[in-house]
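Remarks on the structure that follows.
In the working numbering, the protein residues as written are 16 to 443.
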């Protein structure tokens with residue numbers, strides 16, 4: 016009796032379970048296929064090539080290259096696009112050097128710019144994450160806007176960039192394949208691509224300033240948010256337009272930066288206060304920079320990302336060291352006042368003139384000191400190690416770290432502590 020009931024029960028529900036399982040498997044299969052399609056789209060070089068095509072970068076056929084002399088556009092590294100669509104590894108030595116580092120085969124692609132508006136706009140967007148931007152934007156804020164905001168932004172910058180740069184070395188994700196992508200900044204093929212540190216900077220700069228000022232300065236928060244979003248979007252799209260990243264590189268860079276901002280901001284004020292007031296702060300900073308630089312996970316003993324990371328850490332550390340010294344000795348208490356204004360006032364024409372004069376004079380002093388200290392450091396290192404300092408020996412960590420660290424520490428200290436004195440002498 017029990018067995019009969021069991022058989023009847025099984026036979027009655029078996030079709031239901033079979034149908035349910037089949038539908039579930041079909042749903043799971045559809046979801047897996049859609050996920051695969053999304054991943055393929057995010058990691059496909061053709062997706063990047065389509066973005067370039069949409070914004071007016073046209074790949075040329077061999078016959079077009081021969082006929083159209085205007086097709087010889089200049090790339091951002093000064094090379095001319097005038098090959099015949101062949102692999103130009105032998106013609107361009109940087110390709111043979113950089114191809115193993117990027118772990119991808121790069122071929123020359125002839126192209127023409129059909130829309131110069133997008134070209135100019137995205138070239139500007141790319142500059143918002145380059146060295147030129149750092150050398151001008153950070154001093155401008157120190158000399159003319161507010162110290163407390165920009166020093167905290169610098170601290171976030173060092174943290175986020177270190178995570179981004181080390182992630183590149185660990186993941187070893189190559190740049191987009193060319194062709195079909197047209198690489199407009201081939202010098203970046205020295206580095207890996209995941210995540211996009213340009214995208215990370217494009218998030219951290221505007222949103223850090225927004226988060227640091229929104230509760231202290233009166234301005235329209237929606238407008239500030241839209242400006243930050245426009246800044247981030249411009250930088251991110253520039254990386255696709257330039258052919259330097261897969262879409263996934265940019266997406267991961269944006270999401271990773273927001274995650275890091277969420278982790279750093281709760282402790283930012285305490286860290287900033289410690290670095291500005293504690294007697295051991297400069298020593299702690301120097302020790303941390305040394306440790307992070309010497310343990311950097313570089314590929315094959317050297318990478319350009321390690322060089323950039325040492326510079327970023329050195330700049331940030333010397334910014335806080337110079338402000339700590341000024342806070343301790345009270346050299347320029349008025350110049351480095353930490354008070355944020357309650358409202359934003361538009362500068363007068365005379366104030367604009369004074370601001371640009373301070374910027375020009377401060378950057379000029381910085382560049383002059385940089386040009387002086389570089390050869391001095393190279394001579395000292397050559398004497399200490401009894402070797403010739405050239406492009407290869409500069410890659411030795413024992414040379415690279417003291418060279419970059421001492422050079423940029425001296426440069427920033429002079430910029431932060433000597434420039435205000437010069438400003439007071441000339442009435443700025």
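Where a beta carbon is used, it is the ideal one built from N, C-alpha and C, also for glycine.
Residue i classed as buried or exposed, judged by whether at least 16 other C-beta atoms fall within 10 angstroms
{"i": "residue 245", "result": "exposed"}
{"i": "residue 309", "result": "exposed"}
{"i": "residue 5", "result": "The question about residue 5 has no answer, for the chain in this structure spans 16 to 443."}
{"i": "residue 125", "result": "buried"}
{"i": "residue 248", "result": "exposed"}
{"i": "residue 366", "result": "exposed"}
{"i": "residue 67", "result": "buried"}
{"i": "residue 52", "result": "exposed"}
{"i": "residue 379", "result": "exposed"}
{"i": "residue 269", "result": "buried"}
{"i": "residue 157", "result": "buried"}
{"i": "residue 438", "result": "buried"}
{"i": "residue 201", "result": "buried"}
{"i": "residue 187", "result": "exposed"}
{"i": "residue 430", "result": "buried"}
{"i": "residue 49", "result": "exposed"}
{"i": "residue 173", "result": "buried"}
{"i": "residue 84", "result": "Caution is warranted here: a pLDDT of 48 is assigned to residue 84, below 50, making its placement in the model unreliable, and no coordinate value can be reported."}
{"i": "residue 113", "result": "Because residue 113 carries a pLDDT of 37, less than 50, the predicted location of this residue cannot be relied on, and no value is offered for it."}
{"i": "residue 396", "result": "buried"}
{"i": "residue 256", "result": "buried"}
{"i": "residue 63", "result": "buried"}
{"i": "residue 303", "result": "exposed"}
{"i": "residue 368", "result": "exposed"}
{"i": "residue 373", "result": "buried"}
{"i": "residue 106", "result": "Interpretation of residue 106 is limited by its pLDDT of 35, a score under 50 that renders its predicted location unreliable; no figure is taken from the coordinates."}
{"i": "residue 118", "result": "Low local confidence applies: a pLDDT of 45 at residue 118 is under 50, so the model's placement there is unreliable, and no value is given."}
{"i": "residue 182", "result": "buried"}
{"i": "residue 348", "result": "exposed"}
Terminal residues of the beta strand (DSSP E) in which residue i lies
{"i": "residue 454", "result": "Residue 454 lies beyond the residue range present for the chain, which begins at 16 and ends at 443; the question has no answer from this structure."}
{"i": "residue 5", "result": "Lying before the first or after the last residue shown, residue 5 is absent from the chain, which here runs from 16 to 443."}
{"i": "residue 325", "result": "That residue, residue 325, is in no beta strand (DSSP E); its alpha helix (DSSP H) goes 319–344."}
{"i": "residue 126", "result": "126–128"}
Residues that residue i bridges to, as DSSP identifies them
{"i": "residue 358", "result": "233"}
Spatially closest choice to residue i from the options, by CA coordinates
{"i": "residue 289", "options": "270, 302, 339, 148", "result": "339"}
{"i": "residue 195", "options": "72, 299, 424", "result": "72"}
{"i": "residue 493", "options": "328, 441, 442", "result": "Limits of the chain in this structure are 16 at one end and 443 at the other, which puts residue 493 out of reach."}
{"i": "residue 417", "options": "432, 392, 283, 405", "result": "392"}
{"i": "residue 442", "options": "65, 386, 376", "result": "376"}
{"i": "residue 232", "options": "363, 55, 359", "result": "359"}
{"i": "residue 179", "options": "152, 207, 281", "result": "207"}
{"i": "residue 320", "options": "62, 213, 48", "result": "213"}
{"i": "residue 261", "options": "301, 405, 211", "result": "211"}
{"i": "residue 190", "options": "258, 243, 129, 148", "result": "258"}
{"i": "residue 333", "options": "425, 403, 292, 255", "result": "425"}
{"i": "residue 390", "options": "404, 142, 312", "result": "404"}
{"i": "residue 325", "options": "423, 428, 282", "result": "423"}
{"i": "residue 307", "options": "420, 152, 336", "result": "420"}
{"i": "residue 318", "options": "138, 184, 127", "result": "184"}
{"i": "residue 254", "options": "283, 139, 312, 175", "result": "139"}
{"i": "residue 394", "options": "409, 361, 382", "result": "409"}
{"i": "residue 164", "options": "272, 177, 335, 204", "result": "335"}
{"i": "residue 388", "options": "59, 300, 427", "result": "427"}
{"i": "residue 54", "options": "361, 266, 142, 159", "result": "266"}
Residue range of the alpha helix (DSSP H) that includes residue i
{"i": "residue 286", "result": "262–292"}
{"i": "residue 138", "result": "131–142"}
{"i": "residue 408", "result": "Residue 408 -> no alpha helix (DSSP H), and no H or E assigned at all."}
{"i": "residue 65", "result": "60–69"}
{"i": "residue 217", "result": "212–228"}
{"i": "residue 413", "result": "412–432"}
{"i": "residue 297", "result": "296–309"}
{"i": "residue 347", "result": "Unbroken run through residue 347: none, as it is neither H nor E."}
{"i": "residue 150", "result": "146–155"}
{"i": "residue 167", "result": "162–186"}
Min CB distance residue i to chain B below 8 Å
{"i": "residue 275", "result": "Absent from the structure: chain B. Only one protein chain is present."}
Distance cut-off 7 Å: residue i Cβ against heavy atoms of the ligand ZN
{"i": "residue 384", "result": "Questions concerning the ligand ZN fall outside what the structure shown contains, since it holds no ligand whatsoever."}
Three or more C-beta pairs below 8 Å linking the stretch 217–227 and the stretch 271–282:
Note that the stretch 217–227 touches the stretch 271–282; at least 3 beta-carbon pairs, one per stretch, sit closer than 8 Å.
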